[in-house]
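Chemist:
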Amino acid sequence: MTLTREMLTVPEMYEADRLAIEGGVPGLELMEAAGQGITAHMEQAWDPCPVLVLCGPGNNGGDGYVVARILKQEGWPVTVAAWGDPSELTGDAADMFGQWDGDTKAFDAVSLDGISLVVDALFGAGFRGDLPEDVKGLFHEIAARGLSVVAVDVPSGMNGTTGWVAEGTQRAEMTVSFFRPKVGHMLLPGREYLGKLEIVDIGIPPSVLDQIKPQTWMNGRELWTDALPFPEMSGHKYSRGHAAVVGGGVTATGAARIAARACLRSGAGAVTVAAPPAAVMTYSITLEAVMLASLAGAEDFANWLDVKRINAVLIGPGNGVTDRTRDFVVAALASDAAVTLDADALTVFRDTPDHLFSLIKNRQAPVILTPHGSEFERLFDVAGSAVERARAAALQSGAVVLLKGASTVVAAPDGRARVNVNAPPWLATAGSGDTLAGIITGLVAGGMPAFDAASAGAWIHGEAGALLGPGMIAEDLEAQIPAVLAELQ
Ligand SMILES: NC(=O)C1=CN([C@@H]2O[C@H](COP(=O)(O)OP(=O)(O)OC[C@H]3O[C@@H](n4cnc5c(N)ncnc54)[C@H](O)[C@@H]3O)[C@@H](O)[C@H]2O)[C@@H](O)CC1
Ligand SMILES: [K+]
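Per the numbering used here, the sequence shown starts with residue 44, numbered consecutively.
What follows is the structure, given as structure tokens:
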């Protein structure tokens with residue numbers, strides 16, 4: 044089965060339901076299939092045991108009544124508790140409540156004694172606001188008893204678009220959602236509440252996506268492997284692109300070295316560190332395959348970019364928040380090269396972000412910005428989830444924006460966004476960001492489109508970290524790149 048990588052916002056999921064129903068699939072069939080999908084996954088993971096199904100006031104609760112009916116038919120001891128008055132249910136949920144042939148307890152009358160497993164079908168992915176006090180109280184008791192929870196669509200209290208969770212949301216051991224993952228499933232904090240995420244087919248035809256045109260994907264190799272710049276038989280080093288990494292001063296040379304080597308391993312045929320004259324000796328005794336140029340000022344840098352036909356530039360790692368850094372950025376943005384701006388090359392524009400954005404918008408070649416959370420906040424005044432913020436920033440700046448985090452988001456100015464989740468926590472180590480910026484610059488130098496290069500860079504970086512395991516340092520990451528590229532070939 045090919046993995047489908049689209050993710051839907053909550054409004055897009057409602058639209059998918061609506062289009063499926065309009066196309067002739069009855070809503071009741073969708074809900075029945077949802078219940079069947081949930082119970083199938085439960086039966087794989089657990090032997091029959093006393094289960095409590097918590098049913099809410101909407102269609103999420105409707106799914107719960109289907110789950111209760113199927114499990115009871117299959118011999119599980121089932122208790123149902125309804126939040127709110129189930130006689131007020133409407134539509135498909137009311138129908139499914141009608142088909143439930145057991146008792147339905149009032150929420151405040153429910154006891155957890157003798158219960159082994161809880162199905163949370165209280166609220167669906169559109170949840171906003173606060174969890175009701177009685178729900179929080181019961182969740183608290185469920186947690187205190189260490190009971191396993193299966194969440195329907197999302198753990199109740201979580202929002203499926205943003206990944207935001209209300210206070211008191213109960214972590215699940217398994218979350219079963221429908222048709223496609225929701226964007227919020229991949230974002231923190233919600234992502235940590237899901238347990239194992241299962242997506243079930245409930246009969247919504249994939250063709251509805253042609254109309255919905257989702258703009259958010261789970262990052263993965265299917266999206267960009269075809270665009271990876273593997274060398275051609277007839278190629279030579281300069282036909283594979285020549286990248287420049289701007290180096291920091293004599294006391295901060297490591298970042299550029301790490302980035303330059305990662306860049307050379309990732310697709311650039313040649314890489315040169317553009318170093319300040321005072322630091323040239325330091326670089327020259329510590330670089331081998333990476334070349335070196337001594338460049339005093341931004342004007343020299345601009346001429347050199349042109350003469351050497353540099354096609355990708357990285358500025359930022361170890362560069363310092365200085366006039367020199369800003370002048371080099373301005374020079375790079377005036378060239379024909381693709382430009383990656385990281386770290387200090389971003390912070391240097393904290394008082395004049397609009398100046399940076401206008402330089403980006405007035406050029407043809409792509410720009411990639413790779414901020415972490417606080418660098419992002421220095422440039423962009425936007426609120427929302429990581430996806431919403433990265434997307435707004437890409438639109439505002441005209442650049443591909445890679446917002447780093449446990450869920451790294453890559454957004455393009457045209458509105459597309461990819462969420463990368465393969466990165467282990469131990470990737471947060473000194474020099475790791477320099478490696479990432481270097482990989483991306485190497486991929487761009489090799490000819491990969493900027494949005495794909497940033498997506499592939501985040502994935503390769505995460506995969507290298509995952510293969511290495513805890514204890515890795517940035518130097519190991521860079522050395523791991525060939526193994527990851529071999530996997531992708
Ligand atoms: N045809 C469909 O639409 C399908 C829907 N499905 C299920 O339907 C769910 C979405 O259903 P709904 O849109 O009815 O959403 P919910 O099931 O979350 O119910 C929404 C209702 O919850 C109550 N509510 C919301 N926030 C609250 C708060 N802060 N405090 C107290 N009460 C609150 C309100 O009464 C609101 O009307 C999905 O998550 C999925 O489980 C599935 O059955 C698949 C098919
Ligand atoms: K739920």
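Backbone N, C-alpha and C define an ideal beta-carbon position, used for all residues, glycine too.
Any heavy atom of ligand 1 inside 7 Å of the beta-carbon of R112?
Modeler: Start at 1 with the first residue of the sequence shown, and residue 112 comes out as number 69. No.
Chemist: How big is the Cα-Cα spacing for P540 and L348?
Modeler: Nothing can be reported for residue 540: it is not among the residues displayed for the chain, which extend from 44 to 532.
Chemist: Does ligand 4 have a heavy atom nearer than 7 Å to the CB of L165?
Modeler: Ligands present in the displayed structure are limited to ligand 1 and ligand 2, and ligand 4 is not among them.
Chemist: Are P91 and G127 close, meaning C-beta to C-beta below 8 Å?
Modeler: Along the sequence shown, read from residue 1 onward, the residue named residue 91 stands at position 48. Along the sequence shown, read from residue 1 onward, the residue named residue 127 stands at position 84. No, the Cβ-Cβ distance between P91 and G127 is not below 8 Å.
Chemist: Following the continuous alpha helix (DSSP H) through W347, name the residue where it begins and the one where it ends.
Modeler: Counting from 1 along the sequence shown, the entry for residue 347 is found at position 304. That run of the alpha helix (DSSP H) goes 341 to 350.
Chemist: For Q142, does the count of other Cβ atoms within 10 angstroms reach 16, so buried, or fall short, so exposed?
Modeler: Taking the sequence shown and counting its residues from 1, one reaches residue 142 at position 99. With a threshold of 16 other beta carbon atoms within 10 Å, Q142 falls short and is exposed.
Chemist: Which of the three DSSP states is assigned to S428 in this structure?
Modeler: The residue given as residue 428 occupies position 385 in the sequence shown. Three-state DSSP puts S428 in coil, outside helix and strand.
Chemist: What number of angstroms, rounded off, separates the C-alpha of E431 from the C-alpha of V425?
Modeler: By one-based count along the sequence shown, residue 431 stands at place 388. By one-based count along the sequence shown, residue 425 stands at place 382. When rounded, the distance between both Cα atoms is 8 Å.
Chemist: So for V226, helix, strand or coil by DSSP?
Modeler: What you label residue 226 is simply residue 183 of the sequence shown in a count that begins at 1. If DSSP states are grouped into helix, strand and coil, V226 belongs with the helices.
Chemist: For the beta strand (DSSP E) containing E241, list its first residue and its last residue.
Modeler: Along the sequence shown, read from residue 1 onward, the residue named residue 241 stands at position 198. Segment 239 to 243, the beta strand (DSSP E) holding E241.
Chemist: Identify, in the order they occur along the chain, each residue of the same chain with its Cβ nearer than 6 Å to the Cβ of I247, setting aside the five sequence neighbours on each side.
Modeler: Looking up residue 247 in the sequence shown gives position 204. Excluding positions up to five away in sequence, the list reads A59, A63, F222.
Chemist: Can you list, in chain order, the residues of its chain with a C-beta nearer than 7 Å to that of T268? Leave out the 5 residues immediately preceding and following it.
Modeler: Position 225 of the sequence shown, counted from the start, is the residue given in the question as residue 268. L531.
Chemist: In terms of alpha-carbon separation, which member of R461, A168, A473 lies closest to M261?
Modeler: Start at 1 with the first residue of the sequence shown, and residue 261 comes out as number 218. The shortest Cα separation from M261 among R461, A168, A473 belongs to R461.
Chemist: Rounded to whole angstroms, what is the Cα-Cα separation between T218 and L240?
Modeler: Within the sequence shown, residue 218 is the residue found at index 175, counting from 1. Within the sequence shown, residue 240 is the residue found at index 197, counting from 1. Approximately 5 Å, taken between the alpha carbons.
Chemist: Mapping DSSP to helix, strand and coil, what is A74?
Modeler: Counting from 1 along the sequence shown, the entry for residue 74 is found at position 31. Per the sequence shown, the amino acid found at residue 74 is Met instead of Ala. Judged by DSSP in its simplified three-state form, M74 adopts helix.
Chemist: Looking at ligand 1, does it come within less than 7 Å of A77, judged from the CB to the closest heavy atom?
Modeler: On the sequence shown, position 34 is the one that residue 77 refers to. Yes, the beta carbon of A77 sits closer than 7 Å to at least one heavy atom of ligand 1.
Chemist: Residues in its own chain within less than 7 Å of E184 by CB, not counting five upstream and five downstream?
Modeler: Walking along the sequence shown from the start, residue 184 turns up at place 141. The residues are L155.
Chemist: Is DSSP giving T268 helix, strand or coil here?
Modeler: Here residue 268 corresponds to residue number 225 of the sequence shown, with the count starting at 1. T268: helix per DSSP, three-state reduction.
Chemist: Residues in the same chain with beta-carbon distance under 7 Å from P409, minus the five sequence neighbours each way, listed in chain order, please.
Modeler: Counting from one through the sequence shown, the residue named residue 409 turns up at place 366. A381, V443, A493, listed in sequence order.
Chemist: By Cβ distance below 6 Å, which residues in the same chain neighbour L132 in space, the five residues on each side in sequence not counted?
Modeler: To locate residue 132, count along the sequence shown from 1; it is residue 89. Hits under 6 Å: F140.
Chemist: For V105, count neighbouring Cβ atoms within 10 angstroms of its own Cβ and tell me buried if that reaches 16, exposed if not.
Modeler: Indexing the sequence shown from 1 puts residue 105 at position 62. The amino acid at residue 105 is misidentified as Val; the sequence shows Gly. Buried.
Chemist: Pull up the distance between the alpha-carbon of T259 and that of G157, whole angstroms please.
Modeler: The residue you call residue 259 lines up with position 216 of the sequence shown. The residue you call residue 157 lines up with position 114 of the sequence shown. C-alpha separation (whole angstroms): 43 Å.
Chemist: Can you tell me whether DSSP reads H534 as helix, strand or coil?
Modeler: Beyond the ends of the chain as shown, which are 44 and 532, falls residue 534; an answer cannot be given.
Chemist: Keeping to the same chain, check which residues put their C-beta closer than 6 Å to that of A137; ignore five residues upstream and five downstream.
Modeler: Stepping through the sequence shown from its first residue, residue 137 is reached at position 94. So the list is empty, once near-sequence residues are dropped.
Chemist: If you measure from the CB of V251, is any heavy atom of ligand 2 nearer than 7 Å?
Modeler: Along the sequence shown, read from residue 1 onward, the residue named residue 251 stands at position 208. Proximity of the beta carbon of V251 to ligand 2 is not indicated: no heavy atom of the ligand is located closer than 7 Å.
Chemist: Would the C-beta of N202 count as close to ligand 2, meaning under 7 Å from any of its heavy atoms?
Modeler: The residue you call residue 202 lines up with position 159 of the sequence shown. Remark: the shortest separation between the CB of N202 and any heavy atom of ligand 2 does not fall under 7 Å.
Chemist: What does the alpha-carbon distance come out to for the pair D163 and T47?
Modeler: Reading the sequence shown from its first residue, position 120 is the one you call residue 163. Reading the sequence shown from its first residue, position 4 is the one you call residue 47. Approximately 26 Å between the Cα atoms of the pair.
Chemist: Which partner residues does V453 have in the DSSP bridge list?
Modeler: The count along the sequence shown starts at 1 and reaches residue 453 at position 410. Paired residues: L445, R461.
Chemist: DSSP beta-bridge partners for M334?
Modeler: Against the sequence shown, residue 334 aligns to sequence position 291. In DSSP, M334 forms a bridge with T315.
Chemist: Measuring CA to CA, which of D385, A313, A449 is closest to L479?
Modeler: Along the sequence shown, one-based indexing puts residue 479 at 436. Selected option, being the one with the closest Cα: D385.
Chemist: Taking C-beta to C-beta, are E418 and T390 nearer than 8 Å?
Modeler: As a first step, residue 418 must be located in the sequence shown, where it is residue number 375. As a first step, residue 390 must be located in the sequence shown, where it is residue number 347. Going by C-beta atoms, E418 is nearer than 8 Å to T390.
Chemist: Assign K225 to one of two classes, buried (16 or more other C-beta atoms within 10 Å of its C-beta) or exposed (fewer than that).
Modeler: Position 182 of the sequence shown holds residue 225. Under this definition K225 is a buried residue.
Chemist: List the whole-angstrom C-beta distance separating V110 from I81, where the pair is believed to meet the contact cut-off of C-beta under 8 Å.
Modeler: Residue mapping note: residue 110 aligns to position 67 of the sequence shown, counting from 1. Residue mapping note: residue 81 aligns to position 38 of the sequence shown, counting from 1. Right, their Cβ atoms sit about 5 Å apart.
Chemist: Taking three-plus beta-carbon pairs below 8 Å as touching, is the region 364 to 378 in contact with the region 469 to 486?
Modeler: no
Chemist: Can you grab the Cα-Cα spacing for the pair L307 / V333, in whole Å?
Modeler: Against the sequence shown, residue 307 aligns to sequence position 264. Against the sequence shown, residue 333 aligns to sequence position 290. Roughly 7 Å separates the two Cα atoms.
Chemist: Tell me the DSSP bridge mates of F150?
Modeler: In the sequence shown, counting from the first residue as 1, residue 150 sits at position 107. None, per the DSSP bridge assignment.
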